[in-house]
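K.L.:
Residue numbers (the working numbering), protein chains in the order written: chain P, 66 to 403; chain Z, 198 to 443; chain L, 20 to 317. Glycine included, each C-beta is placed from N, C-alpha and C at the ideal position. Fair warning: this is a prediction, and the values are worked out from it, not measured in the lab.
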Amino acid sequence: MKHLLNLIDGDKDIGRGNKFWAGFFLVLICFFLYPTFVSSFRASNTAFYLLNIPMGFGLCLIWGYCGILSFGHVAYYGLAGYAYGIIAGNLLGNSWGPILGVLGGLVVCTIISGIFGYFVFYSRIQKWIIPILTLVFTLLLETFFVQTSGYQWRVGRVLLGGFNGMTNIPFFQIGTFEFEGYSFYYYCLVIVLVLFFGLRILVNSKFGQIVIGIREDELRTEMLGYDIRFLQCVTFIISANLAGISGLLYVQWGNYITPSQMGILQAALPVIWCAVGGRNSFIAVIFATIVLNWLSFTLSSQGNQYALVIIGTLLVITMVFFPRGIVVMIFEKMQKIR
Amino acid sequence: MSMLTDSNQIIISTHNLNKKFGGIVAAKDVNLSVNTGEFRCLIGPNGAGKSTLFSLLCGIERADSGEIRILNKEVTKLKPFQRIKLGLGLKFQTNRAFQSLSIKDNLSISNNKIQVMDNEIAEERYQLALSEFKLKSEGAKLARELPHNMLQWLEITMILASFPKIVLLDEPTAGMSVEETLFTGSVLKRLNATGLTIIVVEHDMQFVKDVANKITVFHEGEIFYEGTAEEVSNSEEVKNIYLGRD
Amino acid sequence: MDIGPLIISLIYQLFANAAFLFLAALGLIIILGMMNIINLAHGEFMMMGAYVATITYHAGVPFVISVILSFIVVAIIGGIFELLIIRRFYGEELGALVVTWGISLVLGQGTLLLFGPFMPSIKIPGGSYKFGVFSYSEYWLILIGVCILLIVLLWWVYSFTNYGLQAKATMQNSDMAKCLGVSTKKIYTITFSIGAGLAGLGGALLSPTMTIAPFMGQQFVAPAFITVVVGGATNVIYGAVGSSLILSAVKTNIGMAFGAFFGTVALLLTALIVIRIMPNGISATFQRYIDKKSLSTK
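1) Buried or exposed for E287 of chain P, please, with buried defined as at least 16 other CB atoms from any protein chain shown within 10 angstroms of its CB.
2) Could you give the distance in angstroms between the alpha-carbon of T189 of chain L and the alpha-carbon of R280 of chain P?
3) What separation, rounded to the nearest whole angstrom, lies between the Cα atoms of Q185 of chain L and G52 of chain L?
4) For the alpha helix (DSSP H) that Y323 of chain Z lies in, which residues bound it at each end?
5) By DSSP, does C238 of chain Z sit in helix, in strand, or in coil?
6) Could you have a look at Y155 of chain L and say whether DSSP puts it in helix, strand or coil?
7) List the endpoints of the continuous alpha helix (DSSP H) containing D292 of chain P.
8) DSSP beta-bridge partners for G424 of chain Z?
9) Tell me R219 of chain P's beta-bridge partners as DSSP assigns them.
10) Taking DSSP as the reference, what is the three-state secondary structure of K338 of chain Z?
11) Considering only residues of the same chain and omitting the five flanking positions on each side of G183 of chain L, which have a CB-CB separation below 6 Å?
12) In the structure shown, what three-state DSSP assignment does G256 of chain Z receive?
13) How do the region 210-229 of chain L and the region 58-69 of chain L stand: do at least 3 beta-carbon pairs fall below 8 Å, yes or no?
14) Any chance the region 113-127 of chain L sits against the region 356-368 of chain P, with 3 or more Cβ pairs inside 8 Å?
15) Spatial neighbours of S154 of chain L within its chain, please: CB distance less than 6 Å, with the 5 preceding and 5 following residues excluded, ordered by chain position.
16) Could you spell out the range, first to last residue, of the beta strand (DSSP E) harbouring S270 of chain P?
17) Closer than 7 Å, Cβ to any Cβ of chain P: which residues of the region 95-124 of chain L, in chain order?
18) What is the C-beta distance between S248 of chain Z and V408 of chain Z, in whole angstroms, given that I count them as a contact (C-beta under 8 Å)?
19) Quick check: the Cα distance between M198 of chain Z and S374 of chain Z, rounded to an integer number of angstroms?
20) Could you name each continuous alpha helix (DSSP H) segment of 4 residues or more that falls completely within the region 120-181 of chain P, going from the start of the chain to the end?
21) In whole angstroms, give me the CA-to-CA distance for N410 of chain Z and E419 of chain Z.
22) Short check: CB of I337 of chain P to CB of L380 of chain P, under 8 Å?
23) Classify F242 of chain P as buried or exposed, calling it buried when 16 or more other Cβ atoms lie within 10 Å of its own Cβ.
24) Bridge partners for R266 of chain Z per DSSP, in chain order?
25) Taking just the CA atoms, how far does G170 of chain P sit from C238 of chain Z?
26) Run the CB neighbour count on R285 of chain P, radius 10 Å, all protein chains shown included, and call it buried at 16 or more, exposed below.
27) Can you tell which of Z:G244, Z:T413, Z:N269 has its C-alpha closest to the C-alpha of I208 of chain Z?
28) List the residues of chain P whose Cβ lies closer than 8 Å to the Cβ of K282 of chain Z, in chain order.
29) In three-state DSSP terms, what is V374 of chain P?
30) What is the rounded straight-line gap between the Cα of L332 of chain Z and the Cα of I300 of chain Z?
31) Note down the Cα distance separating M347 of chain Z from G251 of chain L, rounded to an integer number of angstroms.
32) Could you please give me the residues that DSSP links to E243 of chain P through a beta bridge?
33) Which residues in chain P have a C-beta closer than 7 Å to the C-beta of I265 of chain Z? List them in chain order.
34) For the alpha helix (DSSP H) that T203 of chain P lies in, which residues bound it at each end?
35) Could you check whether the Cβ of I396 of chain Z sits closer than 8 Å to any Cβ belonging to chain P?
36) Using 8 Å for Cβ pairs, my map puts N55 of chain L next to T119 of chain L. What's the rounded Cβ distance?
Okay, structure coming up:
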C-alpha cells in the first residue's frame with residue numbers, strides 16, 4: 066500500500082508533496098459539495114465536462130508519455146458509445162444490460178485498437194504517419210455510420226440511425242439504480258478520480274518509465290532489451306479504452322450518439338485540451354478539459370458562433386507560445402521561483 | 198590482462214558476414230570471433246566498417262549474408278531486443294543517454310535484469326561503475342546537465358544495469374581528456390577482470406594499447422589484421438592502411 | 020457487352036481518379052518532401068483556392084485566369100503562414116501537425132462566418148462525350164492533361180531552375196546546403212508557398228465538380244493524406260504519380276464493384292498494407308531501385 070502511495074506521489078506528473086495534495090483534496094471536496102448548491106440540470110452539465118476527462122487522459126498517455134500522436138482517438142469514443150447503445154438497447158429491461166454494454170464497449174475498443182496498433186507499431190513507420198492514419202480511420206467510421214439510416218441498418222432491435230444517430234440509449238444502472246442527474250455526476254467524478262490515481266501509479270511504475278524511455282529515444286530503449294513495439298501497442302490499447310470510457314459515459318449522459326462524435330471537429334478537441342493544458346500531465350489535462358469545455362459551452366450557449374474559431378486560435382497561440390502547455394509551463398515557472 | 202579468458206568458449210562470433218550499403222561495402226566476409234572474458238579492440242581507419250559491425254551484431258542492420266552467433270546461439274534472424282536479452286549491451290557512437298531525464302530515471306529504465314545466473318557478479322560490476330563514475334550521488338540531475346565525459350560514463354553504467362555478459366562500446370572515450378580516457382580504461386579493465394567480455398571500437402591508440410588483450414584491425418569492411426597491441430604497433434601493413442599507402 | 024468500350028471506360032476512370040488524387044495530394048507532398056511536415060490545413064488551402072476561383076469567376080474573370088489567380092493568392096497566404104507560424108515547427112513534426120490543425124479550424128470556421136454556408140458554384144467547363152454506353156466528361160480529360168502538364172512543369176523546375184537545384188540540395192542535406200550558401204530559410208518559405216499554391220490550384224481546378232462550401236476541403240483530407248503516406252516523400256514526382264495511379268486503381272475497381280465508401284476503405288487498407296511492406300512509401304523503394312541500378316552498371 067505504501068508502495069502505491071509512493072507511486073501516486075511520483076514525479077512523472079506535475080504536483081507532488083503535502084502542499085499539493087492538500088490543495089488537491091480541497092478542490093476535490095468542492096467538487097463533491099458542488100451538487101448540493103445547484104440544480105440537477107446544472108450538475109448534469111458539469112458532469113459533461115467531467116466525462117470527457119478520461120479521453121483527455123487517454124491522449125495524454127499515448128501522446129505525452131509515449132510520444133505517439135493519435136488524431137483519431139474519438140473513434141474509440143464513438144465505437145464504445147455505439148457498442149453500449151446496441152448491447153444495452155437490446156437488453157432493455159434486463160438490469161445487466163448496461164453493465165454488459167460497458168464491457169462490450171471496452172472489448173470493442175481493445176480489439177479494434179489492438180488490430181490498428183499491430184499494423185502501425187509492428188511496421189516501424191515514421192512517426193508522422195500515425196496521426197494521419199488515425200484521423201483517416203475515424204473519418205471513415207463517421208462516413209460509415211452516416212450512411213446507416215433506414216430500418217435495414219440495425220442490430221437486434223436497435224437502429225444505428227444514420228446521420229441522426231442512435232437514440233434512447235439507456236442510462237447506466239447497477240441493480241435497479243439508474244445513474245442520472247446528481248447520481249450521474251458523482252458516478253463520473255468517482256470514475257475520473259479512480260482513473261487519475263490509477264494512471265499516476267501507471268506512469269510512475271516501471272512500465273511507465275519504459276514508455277517514457279520509448280518516447281525519449283526508441284532505439285536506446287530497444288537496445289536495453291525491451292520489445293518496444295509490443296509496449297507501444299499496449300499503451301495504445303489502454304489509451305483507446307480510456308477514450309472509450311468517455312464515450313460510454315457520454316451515451317449514458319445524453320442517451321444518444323451521432324456519427325459527428327467521430328468527425329473531424331470532435332477529433333480536434335482532445336488534441337486541443339492536451340496541447341493547451343500540457344500533454345504530459347494528467348492534472349493539466351483535467352484542468353484544460355474542464356475549462357475549455359466550459360468555455361465552448363458558454364460561448365455557444367450565448368449564440369456565439371465564434372466558439373470554434375476562438376478555440377482554434379487558442380490552439381495556435383498555445384502551440385507557438387506555450388509549446389509544453391499553459392498549465393505545465395505555469396507550474397514549471399513556479400518551480401523555478403521557489 | 199584478464200585471467201578469466203576462456204579460450205575454449207567463444208562468446209560472440211560471425212561467419213562470412215557481408216553487408217553493402219548501396220555501392221559501399223561495409224562488411225566483407227567478416228569472420229570475427231571473441232572469447233569469453235576477452236577485452237577486444239576494433240580499430241581501423243574511418244569508414245572501415247567497425248560501427249557497422251556493431252549494428253550487425255545487435256541486429257539494428259540486417260546482414261546481406263552470413264551468420265552471427267552469441268553464446269553459441271545463432272541469432273542472425275533475431276530482433277535487436279531479443280539479442281540484447283541474451284546478454285548483450287551496446288553503447289552508441291554518439292551518446293544516447295536520455296537527455297531530458299534525470300540520472301536516476303536513466304538508470305532505472307536501464308534496469309532490465311536479463312540474467313538470472315551470475316547475478317552477484319553482475320550486480321558488483323554495476324555498483325563498481327556507479328561508484329567509480331560518481332553517479333550515485335547525482336541522482337536528481339538531468340542528463341543534459343552533465344559534462345560530456347560523465348554522459349559517456351552514464352551510458353556505460355546504463356548498459357551494465359541490465360547485467361550483460363558482453364558489452365559493445367562504440368568510441369567510449371570520444372571527447373574525453375587524457376586523464377578521463379585513462380580513468381575510463383582502468384575502470385573497464387577492472388570490469389573485464391570480473392569476467393565481462395568487452396569489445397571496444399576506438400581510435401585512441403594509447404587507450405587501446407592500455408586495455409586490449411587482442412586487437413582486430415579493419416580496412417574497407419574486411420578484417421585486415423589481428424594480433425596483440427605490440428604486434429599491431431609494429432606492423433608495417435597496419436601503418437600503411439592508416440597512412441593511405443597501398 | 021462490348022469489352023472494348025468497357026476497357027476504355029475503365030482506363031478513363033482510372034486516370035480521372037488518379038488526376039483527382041494527384042491534384043489533391045501534390046501540394047502536400049512537396050511540403051512534406053522539403054520540410055518533413057504535414058500541413059493539416061491543406062484541405063482549407065484547397066478550399067481557399069476554390070473560393071478565389073468562384074469569386075473571380077463570378078466577377079467576370081475567365082476560368083483559366085481564375086485558376087491561376089487561385090494559385091497566386093493561396094501561395095501568398097501560405098507564405099505568410101509560413102513566415103509567422105510554420106517555420107517555428109521545423110524538426111518538430113508532431114507540433115507542426117497540431118498547429119496546422121489549429122489553423123485549419125480557424126480557416127474553416129472563419130470562412131463559414133465570413134462567407135456563409137455556400138458559395139455560387141462554377142459550371143463545369145466543356146461538355147461530355149458518349150462512347151458506347153459510357154459518357155466521358157471533357158473537363159476530366161482536360162484535368163488529366165493538366166496533371167501531365169504539372170508533372171512536366173515540376174520536372175522542369177527541379178531540373179533546370181536555380182530554385183529547383185537549391186531545393187534538391189536542401190532536401191538532401193540542409194546543413195551542407197547552408198554551408199554552400201543556400202538560404203534554406205528562403206527555400207522553405209518558397210516551397211511552402213508553392214505547396215500551398217498548388218493546393219489552391221487543385222481546389223480551383225476541382226471546384227466545378229463539387230459544391231463550394233467552407234468545409235469542402237475535408238473531403239480531400241482522407242484521399243490526399245493516404246496518397247502522401249503511400250507515395251512517401253523521397254522523390255516528389257515518383258511518389259505523387261505512382262501513388263495516385265496505384266490508389267486510383269484500387270479505388271476505381273473496388274468503388275465500381277462495391278460503391279464509393281468501400282473504395283475509400285480499400286484505400287486505407289492499401290495504405291496499411293503498403294506501409295507494412297514499404298515503410299517509407301513507394302518513392303523510397305523506387306528511388307532505392309534506381310540507385311541500385313545506376314550503381315550496378317559501374
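P.N.:
Reading off the structure:
1) buried
2) 28 Å
3) 14 Å
4) 316-329
5) strand
6) strand
7) Premise fails: D292 of chain P is in no alpha helix (DSSP H) and is neither H nor E.
8) Z:I412
9) P:L224
10) coil
11) V176, Y177
12) coil
13) yes
14) no
15) S147
16) Taken as a continuous stretch (DSSP letters only), S270 of chain P belongs to no beta strand (DSSP E), as it is neither H nor E.
17) I104, R107, E112, L113, G114, L116, V117, V118, W120, G121, I122, L124
18) Incorrect: roughly 19 Å between the Cβ atoms, too far for contact.
19) Residue placement at M198 of chain Z is flagged as unreliable, the pLDDT there being 42, under the threshold of 50; a coordinate-derived value is accordingly withheld.
20) 139-155
21) 20 Å
22) yes
23) exposed
24) Z:S210, Z:E271
25) 57 Å
26) buried
27) Z:N269
28) G290
29) helix
30) 8 Å
31) 40 Å
32) P:Q238
33) Simply none; closest approach about 16 Å.
34) 194-211
35) no
36) Contact flag wrong, Cβ pair sits at about 13 Å.
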